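To keep things clear, I will list the structure first and then write my remarks on it.
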Amino acid sequence: MKIQSAEFINSIYDLRTLPKSVLSEFVFVGRSNVGKSSLVNKICNKKNLAKIGSVPGKTKQLNYFLINEKFYLVDLPGYGYAKVPEQIRAGWRKLVEDYISERQNVRVVFVLIDARNEPTYLDELMISWLEYYEIPYCVVLTKADKISKNKMDKQIYRVAKIVKLDNLCIDYIPFSIISGEGKFEVLDVIEEYLNKPPKED
Ligand SMILES: Nc1nc2c(ncn2[C@@H]2O[C@H](COP(=O)(O)OP(=O)(O)O)[C@@H](O)[C@H]2O)c(=O)[nH]1
Ligand SMILES: [Mg+2]
Numbered sequence: 113m114k115i116q117s118a119e120f121i122n123s124i125y126d127l128r129t130l131p132k133s134v135l136s137e138f139v140f141v142g143r144s145n146v147g148k149s150s151l152v153n154k155i156c157n158k159k160n161l162a163k164i165g166s167v168p169g170k171t172k173q174l175n176y177f178l179i180n181e182k183f184y185l186v187d188l189p190g191y192g193y194a195k196v197p198e199q200i201r202a203g204w205r206k207l208v209e210d211y212i213s214e215r216q217n218v219r220v221v222f223v224l225i226d227a228r229n230e231p232t233y234l235d236e237l238m239i240s241w242l243e244y245y246e247i248p249y250c251v252v253l254t255k256a257d258k259i260s261k262n263k264m265d266k267q268i269y270r271v272a273k274i275v276k277l278d279n280l281c282i283d284y285i286p287f288s289i290i291s292g293e294g295k296f297e298v299l300d301v302i303e304e305y306l307n308k309p310p311k312e313d
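Start counting the sequence shown at 113; every next residue gets the next number (the working numbering).
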């Protein structure tokens, strides 16, 4: 699939103001600084579509990008930043879980995990929600340029141990904005699920 047009639509702070639309949504989650905005920019071939490296843990909005006038990419607020007070973290949980469980438009959630770091409790929680609500997801191992192939294999093995339902986990994709590795794999997953009829309840 080729991304021909990509535009920022808006930032949502309150789920009651989500776009009234039936377009498919492909969602990116992961802790602050894992590379969500960088990935969105990379697959869209745009430098500044999504803001890179803004103050971690402070942004609590969902950012909507319209692609090819046909579907949305949604950048969820980052999680698991050590200095975030518990109250804000609880707000994050509610926002993200409500979105994931209620939004019918979601086709695939890409769970981003830094290839160098042990998956956190919140990565595990995220995956357990996706399995509970039966949403197909794809694990993306970011910043692949910073580790060896051997270490990447070990990381995939570690992450795979968290996954309980193989049928919902589409793939594990090493990704790097430096080498471009993983870009086409992510686009292929989007294309496949864009053309697949959504599962009936
Ligand atoms: N070396 C390397 N750095 C990356 C990669 N992806 C993101 N970064 C850097 O990681 C930092 C956080 O990225 P950002 O996209 O803002 O993360 P977000 O908070 O998850 O949206 C920035 O300094 C990026 O340049 C990558 O694939 N390789
Ligand atoms: Mg970001």
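Where a beta carbon is used, it is the ideal one built from N, C-alpha and C, also for glycine.
A quick note: this is a predicted structure, and the numbers were derived from the prediction, not measured.
Using the beta-carbon count (16 or more within 10 Å), is residue i buried or exposed?
i       : result
Ile-290 : exposed
Gly-165 : exposed
Leu-185 : buried
Leu-127 : exposed
Ser-213 : exposed
Gln-116 : exposed
Lys-154 : buried
Tyr-269 : exposed
Ser-260 : exposed
Tyr-244 : exposed
Tyr-191 : buried
If you measure from the beta carbon of residue i to each beta carbon in chain C, is any gap under 9 Å?
i       : result
Ala-227 : You won't find chain C in this structure, because it holds only one protein chain.
Rounded to the nearest angstrom, what separates residue i and residue j at their Cα positions?
i       : j       : result
Pro-197 : Arg-143 : 15 Å
Val-223 : Val-146 : 10 Å
Lys-182 : Leu-188 : 20 Å
Ser-288 : Gln-199 : 33 Å
Asn-229 : Lys-263 : 11 Å
Ala-272 : Tyr-305 : 22 Å
Lys-308 : Leu-151 : 23 Å
Cys-156 : Lys-172 : 23 Å
Tyr-233 : Thr-129 : 30 Å
On the premise that residue j lies in contact with residue i, defined as a C-beta separation below 8 Å, what is that separation, rounded to the nearest angstrom?
i       : j       : result
Ile-225 : Asp-235 : 6 Å
Lys-148 : Phe-138 : That belief does not hold up - the Cβ atoms of Lys-148 and Phe-138 are roughly 12 Å apart, past 8 Å.
Leu-237 : Tyr-211 : With 8 Å as the limit, Leu-237 and Tyr-211 do not qualify as a contact, their Cβ atoms being about 14 Å apart.
Ala-118 : Ile-179 : 5 Å
Residue i and residue j: beta carbons closer than 9 Å?
i       : j       : result
Ile-285 : Pro-231 : no
Leu-280 : Leu-242 : yes
Val-221 : Cys-250 : yes
Met-113 : Ile-302 : yes
Phe-177 : Ile-124 : no
Ser-240 : Lys-276 : yes
### Task
Take every Cβ of the segment 211–218, pair it with every Cβ of the segment 126–141, and state whether three or more of those distances are shorter than 8 Å.
yes
### Query
Okay, do the segment 159–166 and the segment 197–207 touch, 3+ Cβ pairs below 8 Å being the bar?
no
### Message
I want to know whether the segment 248–256 touches the segment 286–300 - three or more CB-CB distances under 8 Å.
### Response
yes
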